[in-house]
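Here is the structure we will look at, set down as structure tokens.
In the working numbering, the protein residues as written are 53 to 167.
Listed below in structure tokens is the structure:
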């Protein structure tokens, strides 16, 4: 599992300029925890995750929305890219997507596995 999580961070980091990004990285993390749930049970996967997946979903939505509102606060169109050195609001949006994907996929996976 640690190798999958490390690979997901790699994919998240390179996603702005090359294939990868928040969606793919979120799916990789979700797959890691889904495998954990199938191998050791949902309770063990929830303990390993440390955070409720529904909370990740909410935080991810706020982060993605916040990345768009940063431009609006400066009088620019919603989701206009802003840059601070090498870091920009598109990376923040990717982190939001990353968290939303983890939250949605793991909420569905854990719910179905517990049923």
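Ideal placement from N, C-alpha and C gives every residue a C-beta, glycine not left out.
Quiz prompt | Option in 162, 114, 143 with minimal Cα separation from residue 70 | solution = 143
Exercise. Mind checking who residue 140 pairs with in its DSSP beta bridge?
Key: 135
Quiz item: Around the C-beta of residue 103, are 16 or more other C-beta atoms found within 10 angstroms, so that it is buried, or is it exposed?
Solution: exposed
Exercise. Give me the Cβ distance between residue 122 and residue 84, rounded to the nearest whole Å; I'm assuming they're in contact under 8 Å.
Key: No, residue 122 and residue 84 are not in contact; Cβ-Cβ is about 31 Å, not under 8 Å.
Quiz item: Counting pairs of beta carbons, one from the segment 104-117 and one from the segment 151-163, are three or more of them closer than 8 Å?
Solution: yes
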